[in-house]
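**Q** Final position of the sequence shown in this note's numbering is 476; the numbers increase by one with none missing.
Note that beta-carbon positions come from the ideal geometry of N, C-alpha and C, so glycine has one too.
First the structure, then my questions, so here it is.
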Amino acid sequence: MIGADSLVPLDDGRRVPYANLDYAASAPCLEAVHEAVTRALPYYSSVHRGAGHASQVTTEAYENARETVRGFLGAWRRAAVVFTRNTTDAMNLLAHAVPPGTTVVTFETEHHASLLPWRRPVRLPAPATPAEAVALADRALAAAPTGPRLLVVTAASNVTGELWPIGELARVARGHGARIAVDAAQLVPHRPLDMTALDLDYVAFSGHKLYAPFGAGVLAGRADWLRAAEPYLKGGGASASVTSTVRWASSAEQRHEAGTPNVLGAIALAAACEALAPHWSDLAAHEERLLTRLRTGLAAIPGVRELTLWGGGPRVGIVSFTVDGLAAREVSLALSARHGIGVRDGKFCAHPFVRHLLSADGATGDGSAVRASFGVGTTTGHIDRLLAALTRLTSELSDAGDWSCSPM
């Protein structure tokens, strides 16, 4: 892992190994990804239509990356695999392509990338159980007017890490003649996903959360809506012919990848897919051990409360929590400045969901939470450092009755 041995300064002048517990925001770069980009750089050139050797090599690498992603997602042969900037870009591309009059159904628990791009969506409340999520979607799709329908849902929450029943939701969508789009940004760094087996119409994810922080993402899925829509961006490569009129490219990929694409980002993303795919069982077992250690440890610290929608059930390495008597920002600053630990604080681009969780936890006002997230490079030592630091923070608060922190 690139940066695994990085040292960071503390406010007392010491330098300590960095404990990165902010993977859900952006994961560090895998060595294999760095090596793939380094190998590609000497032959980097613009893709498609170039006759030079470097252009041909780069074009082949770019299109091979597309096929690697197709295999990684279990997408069918004729599925479109469009490279984007990230999940937000991918979801906005899909929103651009949905036919006029489409009824879009989503949950208030979504990341803003899946919540905000749609025009007048049907927004469902946070479900109390996975079964209720399925029931709510079933009723909403049944009540939708005649015409295209699209259910948009996350595969794994970026706030709680909880896995959503996307297989059951896909069956419900299919039963109503609807399509389903899955935000897999927080799932695919942790678990395999098979679009064909789950009968998913669209999947979006980001390379920067998949240990490939080079600015590429993906929208994969059914090509018909994408081929029928005007280009997401109009420019070079998106057109088949330009005279006094324009004839747009027929393939979804060419139509929606105007301009010079992020070739190195696509190569990096594909390298991450290849590096992770053979090791899912080991990675999941490693993560489960860390999750158990973290959640059990948090539960034992007075004043620390985990935010969760469903309580138990499967989840990935994301845990959000609050600390009584301390603002989330104070906690994250103290963890960084005093202990060399990186976490995230705020509402994690999921404002309605975090407000719901805080309200259910008895909080008032417009508060925030702290999020610890981890993955391939995380060790039990990182988890233990976080737990020890939180224990110390809560002890200091209890002893002093008041507490504040400066980042330096």
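(1) Whole angstroms is fine: what's the gap from D79's alpha carbon to G435's?
(2) What would DSSP say about V202, mapped onto helix, strand or coil?
(3) How should T311 be labelled, buried or exposed, when 16 other C-beta atoms within 10 angstroms of its C-beta is the threshold for buried?
(4) Let me confirm a value: L344 is counted as buried when at least 16 other C-beta atoms fall within 10 Å, else exposed. Which label applies?
(5) Measure the alpha-carbon distance for G365 versus A93 and round it to whole angstroms.
(6) Quick one, which of P185, A181, A203 has its alpha-carbon nearest G243's?
(7) Check whether the stretch 296-310 touches the stretch 119-127, taking contact to mean three or more Cβ pairs, one atom from each stretch, closer than 8 Å.
(8) Between H164, T390, S427, V331, which has its C-alpha nearest T106's C-alpha?
(9) Quick one: what does DSSP say P281 is sitting in, helix, strand or coil?
(10) Return the bridge partner residues of T374 from the DSSP annotation.
(11) Determine the closest residue to H354 out of A317, G445, P193, with distance taken between C-alpha atoms.
(12) For P96, which of helix, strand or coil comes out of DSSP?
(13) Tell me whether the beta-carbon of T171 lies closer than 8 Å to the beta-carbon of R217.
(14) Run through DSSP, which three-state label would Y91 get?
(15) Just how far apart, CA to CA, sit S74 and R153?
(16) Just the Cα atoms here: how many angstroms apart are Y300 and Q322?
(17) DSSP three-state label for M476, please.
(18) Using C-beta distances below 7 Å, list every residue in its chain close to S463, excluding the 5 sequence neighbours before and after it, in chain order.
(19) In this structure, how does DSSP classify T127 when only helix, strand and coil are distinguished?
(20) How close, in whole Å, do the beta carbons of L98 and M69 come, if the pair is a contact with beta carbons under 8 Å?
(21) Would S114 count as contacting chain B if we go by Cβ distances under 8 Å?
(22) Give a yes or no on whether the C-beta atoms belonging to V387 and A440 are separated by under 8 Å.
(23) Within 10 Å of its beta-carbon, does V84 have 16 or more other beta-carbons around it, so buried, or fewer, so exposed?
(24) Less than 8 Å between the C-beta atoms of A338 and A133, yes or no?
(25) Check the C-beta distance from G371 over to G393 and give it rounded, since I have them as a contact under 8 Å.
(26) With a cut-off of 8 Å, do at least 3 Cβ pairs link the stretch 285-295 to the stretch 155-162?
(27) Check the DSSP bridge columns for L394 and list the partner residues they point to.
(28) Which word fits P233, buried or exposed, when buried means at least 16 other C-beta atoms lie within 10 angstroms of its C-beta?
(29) Could you pull the start and end residues of the beta strand (DSSP E) that D251 belongs to?
(30) From the DSSP output, read off the bridge partner residues of G445.
(31) Among V220, V150, A104, which one has its Cα closest to the Cα of H180?
(32) Do you know whose CA, among L403, T376, A437, G408, lies nearest C417's CA?
(33) For the candidate residues R259, I248, A280, H164, whose alpha-carbon lies nearest to that of D267?
(34) Look at the Cβ atom of V250, then the Cβ atom of A223, and state whether they are nearer than 8 Å.
(35) With a CB to CB cut of under 7 Å and the five nearest residues on each side skipped, what residues in its chain are close to R297?
(36) If we call anything under 8 Å between Cβ atoms a contact, is P420 one with W348?
**A** Walking through what the data contain:
(1) 26 Å
(2) DSSP places V202 in the helix class (H, G or I) of the three-state scheme.
(3) exposed
(4) buried
(5) 23 Å
(6) A203
(7) At 8 Å Cβ cutoff, the stretches do not touch.
(8) V331
(9) It is coil, neither helix nor strand.
(10) A small correction: the amino acid at residue 374 is Glu; Thr does not occupy that position in the sequence shown. Looking at the DSSP assignment, E374 forms a beta bridge with F389.
(11) H354 has its Cα closest to that of G445, out of A317, G445, P193.
(12) coil
(13) yes
(14) coil
(15) 27 Å
(16) Each residue's Cα considered, the two are about 11 Å apart.
(17) Reliability fails at M476, whose pLDDT of 38 lies under 50, so the model's placement of it is uncertain and the value that follows must be treated cautiously. It is coil, neither helix nor strand.
(18) none
(19) helix
(20) Taking C-beta atoms under 8 Å as the contact rule, L98 and M69 qualify, at a distance of about 6 Å.
(21) The displayed structure is made up of one protein chain only, and chain B is not part of it.
(22) yes
(23) exposed
(24) yes
(25) 7 Å
(26) yes
(27) V391
(28) buried
(29) 247-251
(30) Note: G445 sits in no beta bridge, so no partner.
(31) Nearest C-alpha to H180: V220.
(32) Residue A437 is the option with its Cα nearest to C417.
(33) I248
(34) yes
(35) Correcting the residue type first, residue 297 is Ala in the shown sequence and not Arg. Result list for A297: H164, A165, in chain order.
(36) no
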